[in-house]
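Visitor: What follows is a structure written as structure tokens; I'll ask about it next.
Numbering (our numbering), first residue to last: 109 to 411.
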């Protein structure tokens, strides 16, 4: 039986070998694709596992942070609560202390410092004093008003007298009546005023040292005018000595040299030369007459 099967297959040996080689070739061709597919599957799986692990770590970190931050928040809340409670207690104690001091100070002042009847008596005396002061001020004001009126009246009289003095040339004479007289037989009151004030204008003091044309005799004596300034030998000897022996004080014109301006200019030039950075005069680039000299670090190449 086995021999028959072998014989049958022996005739088909060529097709079997070809199928085997074809399968081997197909496996060789699909090997790289299957390898890449396996790598991709492994990568995806490892990525999923890694992401799940990282997510787990994140969750653990979040829980740790949440617990720690909750602890810190509770501690901060307790500290702020304690501070607020202490502040409220201090404010309460301060208010109570203020009330105690207020009550005690009121009691002390009412008992030892402030006396109602004494203060009432003092205020009454002060009111009376104010009345007296106001009365004196009223009297002083009235006195000052009367004084001002009297001064104004005196000024008016002085002005009237001055005007009367200025009208002396219009008075009546023996020949003709003045302009202030209405009837020739009746005198005017204004003329009487002029007669009363006019002589005061005539009492002028004459100059004692006025010039005169009279020739003085040899034996005549007259009084010399007083000296306004002591001169010559009438000075004090100490003053004369100090004037003769005082130190020489030449004027600015004598002290100044003739060539002062030139010396000052030369000094300014020397000071400017000392502060000068370079002695060569500045010239624009377009007018330079010398060759341009480059700097050392640009002239030679760097090694």
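Here a beta-carbon is modelled for each residue, glycine too, at the ideal position from N, C-alpha and C.
For residue 266 and residue 258, I'd like the C-alpha separation in whole angstroms.
Guide: Taking the first residue of the chain shown as position 1, residue 266 is located at position 158. Taking the first residue of the chain shown as position 1, residue 258 is located at position 150. Roughly 12 Å between the two C-alpha positions.
Visitor: How many Å lie between residue 288 and residue 299 at the Cα?
Guide: The residue you call residue 288 lines up with position 180 of the chain shown. The residue you call residue 299 lines up with position 191 of the chain shown. Going by the C-alpha atoms only, they are around 7 Å apart.
Visitor: Can you give me the C-alpha to C-alpha distance between residue 167 and residue 161, rounded to a whole angstrom?
Guide: Locating residue 167 in the chain shown gives position 59, counting from the first residue. Locating residue 161 in the chain shown gives position 53, counting from the first residue. When rounded, the distance between both Cα atoms is 10 Å.
Visitor: Output the distance between the C-alpha atoms of residue 276 and residue 302, rounded to the nearest integer angstrom.
Guide: If you number the chain shown from 1, residue 276 lands on position 168. If you number the chain shown from 1, residue 302 lands on position 194. In a straight line, the C-alpha of residue 276 is about 6 Å away from that of residue 302.
Visitor: Does residue 275 come out as helix, strand or coil in the three-state DSSP assignment?
Guide: As a working mapping, residue 275 is identified with position 167 in the chain shown. Residue state, collapsed to three classes: coil.
Visitor: Spatial neighbours of residue 200 within its chain, please: C-beta separation below 7 Å, excluding the five flanking residues on both sides.
Guide: To locate residue 200, count along the chain shown from 1; it is residue 92. Taken in chain order, the list of residues that qualify is empty.
Visitor: For residue 287, which three-state DSSP category applies?
Guide: Within the chain shown, residue 287 is the residue found at index 179, counting from 1. Residue 287 falls in the coil class under three-state DSSP.
Visitor: In three-state DSSP terms, what is residue 298?
Guide: Along the chain shown, one-based indexing puts residue 298 at 190. Note: residue 298 maps to helix in three-state DSSP.
Visitor: In the structure shown, what three-state DSSP assignment does residue 356 receive?
Guide: Translated into positions along the chain shown, residue 356 becomes position 248. Coil.
Visitor: Identify whether residue 349 lies in helix, strand or coil by the three-state DSSP scheme.
Guide: To locate residue 349, count along the chain shown from 1; it is residue 241. It is helical.
Visitor: Going by beta-carbon coordinates alone, are residue 305 and residue 273 separated by less than 8 Å?
Guide: Counting from 1 along the chain shown, the entry for residue 305 is found at position 197. Counting from 1 along the chain shown, the entry for residue 273 is found at position 165. Against a cut-off of 8 Å, the Cβ pair of residue 273 and residue 305 comes out as a contact.
Visitor: What would DSSP say about residue 200, mapped onto helix, strand or coil?
Guide: Here residue 200 is taken as the residue at index 92 of the chain shown, counted from 1. It is helical.
Visitor: Ordered along the chain, which non-local residues of its own chain (more than five positions away) have a Cβ less than 8 Å from that of residue 311?
Guide: In the chain shown, counting from the first residue as 1, residue 311 sits at position 203. For residue 311, the pLDDT reaches just 44, beneath the cut-off of 50, and the residue's location in the model is therefore unreliable, although a value from the coordinates is still provided. Cβ neighbours of residue 311 beyond the five flanking positions: none.
Visitor: Can you give me the C-alpha to C-alpha distance between residue 204 and residue 217, rounded to a whole angstrom?
Guide: Working through the chain shown from its first residue, we reach residue 204 at position 96. Working through the chain shown from its first residue, we reach residue 217 at position 109. So the two alpha carbons sit approximately 20 Å from each other.
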